[in-house]
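Participant: Structure incoming, see below.
Number of protein chains: 2
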Amino acid sequence: MTNNIEMEKTEMTEAEWAIMEVVWDNAPCAAGTVQEALTESKGWAYSTVKTTMDRMVKKGLLRIEKIRNLQLFSPCISQKQARTGEFRKMLTRAFNGAMTPMMQFLLDNEKLSKSEIVALKKLVEDKLK
Amino acid sequence: MTNNIEMEKTEMTEAEWAIMEVVWDNAPCAAGTVQEALTESKGWAYSTVKTTMDRMVKKGLLRIEKIRNLQLFSPCISQKQARTGEFRKMLTRAFNGAMTPMMQFLLDNEKLSKSEIVALKKLVEDKLK
DNA sequence: TTGACAACTCTACATTTGTCGAATATATTT
DNA sequence: AAATATATTCGACAAATGTAGAGTTGTCAA
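These protein sequences, in sequence, are chains A and B. Going letter by letter, the first sequence gives residues 50 to 178 in my numbering. Going letter by letter, the second sequence gives residues 50 to 178 in my numbering.
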């Protein structure tokens, strides 16, 4: 294992991420709520959203609590966990897990703006205090 | 589009990454070479590797040049392009594309070692010169 | 020439993911 | 209660992915 507690499978597809974000913001929430929130950006049918969410429950990404006839979904993993997972996957895959080379790559290739670099400098300095 | 030239689809599955790495190191190379290189870590049959590589050709990730009866594969995207793609996907998904918040998150949560932070500080300072 | 191989082609099949519609069950409103 | 609006359940089906065996063909050494 690479690190600490938070270690469930956090792999998500693009569709699942989209749903997850809505759930993070609205949980506990119904499938219909999610479907509505994504109407503009995705235009998915209710059943598309519901099917995907049900599959996410099976995978342990979401959980359902039933209130009378209503199913309310909540996340099983936090946004922070998901971010960590996403970041580490990228780091492992693309940089063989090596943080410094990854940073080097970023600075060299991703054309950060001056202000982004200055902000980063500040973050780093604070960290060293 | 988020940035500059290099903008083909670089999305790859885990299996495709594994293959791609071997190809980057050995191109132009035959499917058998890749299969052998991955024997230990993956244990895939020749046909598994070959099928996947053929699909990668169709997707534009690899290209074949035929020398008499031999097919030699080469990458259509560079490692750098793939790294960029992978990084940006992560940034978009998990941090809404915002670089500084992502850095903040890293510093706050990924427990970098002191030496990694120092190294980063140096990288940043050099960048500002 | 005859094997012994190596490489390639084809086909196949199970899972996972993307997407839904139809039928059914509930709840809410006249 | 009847009609209407909501949710839920159940398939379904196509495309993408993981995985590989069987058969064909070309190659090289004995």
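Ideal placement from N, C-alpha and C gives every residue a C-beta, glycine not left out. As the structure is a computational prediction, the values presented were derived from the model and not from experiment.
Are at least three pairs of beta-carbons, each pair with one atom in the stretch 75-89 of chain A and one in the stretch 98-109 of chain A, less than 8 Å apart?
Facilitator: Output reads yes: the stretch 98-109 of chain A touches the stretch 75-89 of chain A.
Participant: What does A/Glu135 touch in chain B if you count any residue whose Cβ is under 7 Å from its own?
Facilitator: For the purposes of this step, residue 135 of chain A is taken as the residue at position 86 of the first sequence. In chain order: Met139, Arg142 and Ala143.
Participant: Taking the C-alpha atoms as reference points, what is the distance between A/Asn118 and A/Ala86?
Facilitator: Here residue 118 of chain A refers to the residue found at position 69 of the first sequence. Here residue 86 of chain A refers to the residue found at position 37 of the first sequence. Rounded to whole angstroms, A/Asn118 to A/Ala86 spans 21 Å at the Cα level.
Participant: Using 8 Å as the threshold, is the C-beta distance between A/Phe122 and A/Ala76 below it?
Facilitator: Counted from its first residue, the first sequence places residue 122 of chain A at position 73. Counted from its first residue, the first sequence places residue 76 of chain A at position 27. Yes, Cβ-Cβ distance for A/Phe122 and A/Ala76 is below 8 Å.
Participant: Please give me, in chain order, every unbroken run of the alpha helix (DSSP H) with length at least 4 that falls completely inside the stretch 89-165 of chain A.
Facilitator: Here the runs fully enclosed are 95-108, 128-144 and 148-158.
Participant: Between the Cα of A/Val98 and the Cα atoms of A/Val71, A/Glu114 and A/Gln130, which residue gives the shortest distance?
Facilitator: Residue numbering aside, residue 98 of chain A sits at position 49 when the first sequence is read from its first letter. The shortest C-alpha separation from A/Val98 is found at A/Val71.
Participant: Can you find at least 3 beta carbon pairs, one from the stretch 150-164 of chain A and one from the stretch 57-74 of chain B, that sit closer than 8 Å?
Facilitator: Result no; under three Cβ-Cβ pairs closer than 8 Å.
Participant: Does any residue of chain B have a CB that is nearer than 8 Å to the CB of A/Val98?
Facilitator: Taking the first sequence and counting its residues from 1, one reaches residue 98 of chain A at position 49. With 8 Å as the cut-off, A/Val98 does not count as an interface residue toward chain B.
Participant: Following the continuous alpha helix (DSSP H) through B/Leu87, name the residue where it begins and the one where it ends.
Facilitator: Here residue 87 of chain B corresponds to residue number 38 of the second sequence, with the count starting at 1. That run of the alpha helix (DSSP H) goes Ala80 to Leu87.
Participant: Our contact map puts B/Arg132 next to A/Ala147 with C-beta atoms below 8 Å; I'd like the distance itself, whole angstroms only.
Facilitator: The sequence position of residue 132 of chain B within the second sequence is 83, counting from 1. The sequence position of residue 147 of chain A within the first sequence is 98, counting from 1. Wrong, their Cβ atoms sit about 12 Å apart, outside the cutoff.
Participant: My output table needs one value for A/Glu57: the three-state DSSP class, helix, strand or coil.
Facilitator: Numbered from 1 along the first sequence, position 8 holds the residue referred to as residue 57 of chain A. Here A/Glu57 sits in coil by DSSP.
Participant: Below 7 Å on C-beta distance, what does B/Met152 contact in chain A?
Facilitator: The sequence position of residue 152 of chain B within the second sequence is 103, counting from 1. Per Cβ cutoff of 7 Å: Leu169 and Leu172.
Participant: May I ask which residues mark the beginning and end of the alpha helix (DSSP H) holding B/Ala76?
Facilitator: As a position in the second sequence, residue 76 of chain B is number 27, starting the count at 1. B/Ala76 -> no alpha helix (DSSP H), and no H or E assigned at all.
Participant: What does A/Glu165 reach in chain B if we use C-beta pairs closer than 7 Å?
Facilitator: For the purposes of this step, residue 165 of chain A is taken as the residue at position 116 of the first sequence. Within chain B, the residues near A/Glu165 are Met148 and Thr149.
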